[in-house]
Amino acid sequence: MADIERHSFDVLVVGAGGAGLRAAIAAHDAGAKVGIVCKSLLGKAHTVMAEGGIAAAMANVWKEDNWKVHFRDTMRGGKMLNHWRMAQLHAQEAPDRVRELEEWGALFDRTPDGLISQRDFGGHRYARLAHVGDRTGLELIRTLQQRAVALGIEVFMEATITRLLKDGDRIAGAFGYWRESGRFVAFEAPSVVLATGGIGKSYKVTSNSWEYTGDGHALALEAGASLVNMEFVQFHPTGMVWPPSVKGILVTESVRGDGGVLRNSEGRRFMFDYIPEFFKAETADSEEEADRWYEDKTNNRRPPELLPRDEVARAINAEVKAGRGSPHGGVFLDIASRRTPEYIRRRLPSMYHQFKELADVDITAEPMEVGPTCHYVMGGVAVDPDTGESAVQGLYAAGEVAGGMHGANRLGGNSLSDLLVFGRRTGLNAAYAAARLKQRPAISEDDVRAASEHALAPFGIEGGENPYTVQHDLQEVMHNLVGIIRTAGEMEQALTDLASLRERITRLSVEGHRQYNPGWHLALDLRNMLRVSECIARAALERTESRGGHTRDDFPATDDSWGKINLHCRLDGEAVGVTHEPLPQMPDDLRELFN
Ligand code: FAD
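For this note's numbering, count along the sequence shown from 1 and bump the result up by 66.
Quick look at the structure:
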């Protein structure tokens with residue numbers, strides 16, 4: 067395979083979203099030779115779509131806020147399944163990561179006295195999200211990207227990694243192809259950081275972009291790492307439901323944080339009917355108290371519209387099912403009757419334009435129609451909390467592809483902070499580990515040949531399955547059978563359907579040649595989507611309780627004994643196995659915060 071393009075780095079970062087860029091900057095600062103490879107253009111990663119903000123207990127708006135309150139909120143939001151150490155590091159380090167972004171040129175919205183402004187979001191006790199209007203992700207990416215480019219970090223854009231390469235049990239590099247030319251490229255690197263984001267494209271209705279095909283999850287699994295918490299998929303309560311072409315596009319939680327309320331077709335503010343026992347003590351039980359909270363948070367409790375996302379998504383689902391939905395199968399999100407048009411346009415400029423342009427709805431004058439959309443995967447590569455290293459030596463993961471930080475449910479704003487905190491930690495540790503090596507691992511030519519044959523397989527089959535049809539069928543299975551409300555019978559059916567799809571993808575065929583061929587790209591992505599979907603379905607079938615982003619109609623209660631267990635998925639040959647593993651023990655001083 068002498069004709070394949072080759073590169074050599076100390077640290078190869080796969081993904082150029084917030085996590086990947088922050089990891090690359092950290093690895094470079096630690097003295098490593100760093101390369102970034104990403105399947106879209108630099109600056110196009112999913113992070114750019116993030117709207118509401120970065121959660122960090124900076125105490126700029128509420129001096130009562132501190133890392134312990136943030137830690138507690140995160141653990142409670144995750145229904146206590148989070149890895150406590152990740153949640154602790156995250157809460158402790160997020161404020162420094164935001165201040166550092168500002169030093170690097172990010173322009174945040176300000177409080178009247180000139181500090182970084184912080185806004186309210188579901189599940190956060192205090193206004194905590196540092197933001198730039200509702201375009202925070204854009205500013206985050208712009209800042210990190212400018213810094214990475216200024217540091218001279220080499221970027222390989224529009225190149226997709228299809229396989230990790232190993233030397234014995236440890237990582238040796240990665241193999242991929244250029245999307246435009248279809249030519250192959252091999253990277254030799256003793257440390258590889260996966261920062262590939264999420265899995266949403268396995269679902270029919272999603273806020274996620276085309277890039278979210280679970281590549282990093284599947285690559286890690288195939289390399290021998292385990293995936294933790296895969297049963298927990300977050301359905302954001304408010305996606306657009308109309309017109310059909312934009313179904314699933316996100317309506318930021320900031321609409322509710324800034325005063326928007328949810329109503330059913332009878333005009334009723336129904337969230338008061340869905341306050342769970344767990345959150346009763348800190349949630350307002352009347353509209354009057356909920357409305358007073360926006361002005362006086364010390365003497366009033368939070369509105370139920372700002373309960374964690376899993377609670378709100380289930381409530382909307384129940385209202386629609388009960389026949390009290392909006393004309394297009396959602397509910398109404400109303401900020402028009404509660405805030406002035408000037409306020410709405412200033413605080414939510416992207417939402418204003420999104421609805422005006424995509425749905426011809428003026429959100430300053432009329433309510434939006436919204437419903438749940440697949441948004442985020444809590445599950446991901448199991449990593450060491452301090453270093454980000456997986457069970458495979460030299461393989462690291464950070465950002466949405468990593469698991470453990472968010473437990474059963476992620477709080478809004480906690481992803482962008484997660485990317486910064488663990489992106490940095492992972493990049494540093496990946497660089498240190500590479501520097502400590504006495505001998506660099508080597509890529510085997512046989513592995514490179516096998517990876518290229520595997521990638522080219524769809525060209526060798528004539529008249530086989532069409533990748534687009536298979537993708538459509540996969541999305542139907544996951545949407546209908548492993549969606550927001552689950553039952554054993556449906557998930558068993560899903561596993562049967564997924565097995566048949568696995569068989570079908572061995573017969574995928576693509577037409578044309580390797581130069582920019584989206585059908586071929588999809589054929590390769592589909593293998594990852596199927597692996598990840600199977601992990602979700604198997605873990606979800608195994609967990610016989612309801613918790614966070616996993617709701618079982620046949621096991622509606624939360625079961626304390628399941629609160630002590632994480633499920634891990636691993637590959638055994640081609641089969642996905644699920645094991646029960648005890649939660650890491652939280653030290654007593656942190657445990658006391660919950661008494
Ligand atoms: P990404 O930013 O998605 O980057 C993934 C990178 O991996 C991309 O560069 C991609 O090209 C690359 N990649 C993937 N596969 C491959 C491959 N095989 N080979 C090479 N490269 C590959 N979170 C918050 O905290 N606050 C918010 O306000 C917020 N708003 C959101 C709004 C929307 C509409 C959405 C969809 C999400 C929002 N989130 C928010 C969630 C948050 O944006 C994501 O969880 C986060 O950006 C993920 O970042 P990442 O760095 O892990 O991955």
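Note that CB positions come from ideal geometry on N, CA and C, so glycine has one too.
Q. Does DSSP classify residue 331 as helix, strand or coil?
A. Position 265 of the sequence shown, counting from 1, holds the residue named residue 331. Residue 331 carries a coil assignment under DSSP once its states are collapsed to helix, strand and coil.
Q: Report all residues from its chain with a CB closer than 7 Å to the CB of residue 383; omit the five preceding and five following residues, and keep chain order.
A: Working through the sequence shown from its first residue, we reach residue 383 at position 317. So the list reads 438, 550 and 551, once near-sequence residues are dropped.
Q: Helix, strand or coil for residue 244, going by three-state DSSP, please let me know.
A: Counted from its first residue, the sequence shown places residue 244 at position 178. In the three-state DSSP reduction, residue 244 falls in the strand class (E or B).
Q. DSSP state of residue 363, grouped into three classes?
A. Locating residue 363 in the sequence shown gives position 297, where the first residue counts as 1. In the three-state DSSP reduction, residue 363 falls in the coil class, being neither helix nor strand.
Q.
Do residue 302 and residue 467 count as a contact pair if the criterion is CB distance below 8 Å?
A. Within the sequence shown, the letter at position 401 stands for residue 467. Within the sequence shown, the letter at position 236 stands for residue 302. Contact annotation: residue 467 and residue 302 have beta-carbon atoms that are not nearer than 8 Å.
Q. For residue 80, does the three-state DSSP call read helix, strand or coil?
A. The residue given as residue 80 occupies position 14 in the sequence shown. Note: residue 80 maps to strand in three-state DSSP.
Q | Endpoints, the alpha helix (DSSP H) within which residue 571 is located | A | As a first step, residue 571 must be located in the sequence shown, where it is residue number 505. 554 to 571 is the extent of the alpha helix (DSSP H) around residue 571.
Q.
Following a CB-centred definition, is residue 85 positioned closer than 7 Å to any heavy atom of the ligand FAD?
A. Mapped onto the sequence shown, residue 85 falls at position 19. When distances are taken from the beta-carbon of residue 85 to the heavy atoms of the ligand FAD, the shortest one is below 7 Å.
(Q) By alpha-carbon positions, which one of 119, 120 and 146 ends up nearest to residue 659? (A) For the purposes of this step, residue 659 is taken as the residue at position 593 of the sequence shown. The residue from 119, 120 and 146 with its alpha-carbon nearest to that of residue 659 is 146.
Q | For residue 269, the nearest candidate out of 538, 391, 327 and 604 (CA to CA) | A | On the sequence shown, position 203 is the one that residue 269 refers to. Check the Cα spacing between residue 269 and each of 538, 391, 327 and 604: the tightest is with 538.
Q | residue 38 - DSSP class collapsed to helix/strand/coil | A | What is shown of the chain runs 67 to 661, which leaves residue 38 out entirely.
Q. Taking 7 Å as the line, does the beta carbon of residue 274 fall inside it for any heavy atom of the ligand FAD?
A. For the purposes of this step, residue 274 is taken as the residue at position 208 of the sequence shown. Closer than 7 Å to some heavy atom of the ligand FAD: that describes the Cβ of residue 274.
Q) Counting pairs of Cβ atoms below 8 Å between the region 228 to 247 and the region 304 to 313, do you hit three or more? A) The region 228 to 247, when compared against the region 304 to 313, does not touch it at the 8 Å Cβ threshold.
Q) Going along the chain, which residues of its own chain have a beta-carbon closer than 8 Å to the beta-carbon of residue 211, five neighbours each way excluded? A) Taking the first residue of the sequence shown as position 1, residue 211 is located at position 145. So the list reads 82, 87, 108 and 109, once near-sequence residues are dropped.
**Q.** Extent of the continuous beta strand (DSSP E) to which residue 73 belongs
**A.** Stepping through the sequence shown from its first residue, residue 73 is reached at position 7. Taken as a continuous stretch (DSSP letters only), the beta strand (DSSP E) holding residue 73 covers 71 to 74.
Q. Does the count of Cβ pairs from the region 394 to 406 and the region 447 to 458 closer than 8 Å reach three?
A. Judged by Cβ distances under 8 Å, the region 394 to 406 makes no contact with the region 447 to 458, as fewer than three pairs qualify.
Q) Less than 7 Å between the CB of residue 440 and some heavy atom of the ligand FAD, yes or no? A) Indexing the sequence shown from 1 puts residue 440 at position 374. Between the ligand FAD and the CB of residue 440, the shortest heavy atom gap is not smaller than 7 Å.
**Q.** Contact under 8 Å by Cβ, residue 255 with residue 514
**A.** Taking the first residue of the sequence shown as position 1, residue 255 is located at position 189. Taking the first residue of the sequence shown as position 1, residue 514 is located at position 448. Judged by their CB atoms, residue 255 and residue 514 are not nearer to each other than the 8 Å cut-off.
**Q.** Contacting residues, own chain, Cβ-Cβ under 6 Å from residue 297 (five flanking each side not counted)
**A.** Within the sequence shown, numbered from 1, the residue matching residue 297 stands at position 231. Correct list, in chain order: 605, 606, 609 and 616.
Q) Does the Cβ of residue 351 have 16 or more other Cβ atoms within 10 Å, making it buried, or fewer, making it exposed? A) The residue you call residue 351 lines up with position 285 of the sequence shown. In summary, residue 351 is exposed, with fewer than 16 beta-carbon neighbours lying within 10 Å of its beta-carbon over all protein chains present.
Q: Alpha carbon to alpha carbon, how far is residue 96 from residue 611? Give it in angstroms, no decimals.
A: Here residue 611 refers to the residue found at position 545 of the sequence shown. Here residue 96 refers to the residue found at position 30 of the sequence shown. Roughly 44 Å between the two C-alpha positions.
Q) Can you tell me where the alpha helix (DSSP H) with residue 663 in it begins and where it stops? A) There is no way to answer for residue 663, as the model of the chain reaches only from 67 to 661.
Q.
Here's the rule I'm using: 16 or more other beta-carbon atoms within 10 Å means buried, otherwise exposed. How should residue 129 be labelled?
A. For this step, residue 129 is matched to residue 63 along the sequence shown. Exposed is the label assigned to residue 129, since fewer than 16 other Cβ atoms lie within 10 Å of its Cβ.
**Q.** Residues of its chain near residue 579, where Cβ-Cβ distance is below 6 Å and the 5 sequence neighbours each way are ignored
**A.** Sequence index remark: in the sequence shown, residue 579 carries index 513 (1-based). If we look at residue 579 and ignore the five residues flanking it on each side, it has no Cβ neighbours.
Q. What does residue 300 pair with, by DSSP beta-bridge criteria?
A. Mapped onto the sequence shown, residue 300 falls at position 234. Within the DSSP bridge table, the entry for residue 300 names 442 as partners.
Q: Let me know the secondary structure DSSP gives residue 182 once reduced to three states.
A: Along the sequence shown, one-based indexing puts residue 182 at 116. In this structure, DSSP gives residue 182 an extended state, which the three-state scheme calls strand.
Q. With DSSP run on the structure shown, which of helix, strand or coil describes residue 91?
A. Position 25 of the sequence shown, counted from the first residue, corresponds to residue 91. Assigned with DSSP and collapsed to three states, residue 91 falls in helix.
Q) Nearest to residue 116 by alpha carbon, out of 170, 286, 319 and 189? A) Counting from one through the sequence shown, the residue named residue 116 turns up at place 50. For the residues 170, 286, 319 and 189, the minimum Cα distance to residue 116 belongs to 319.
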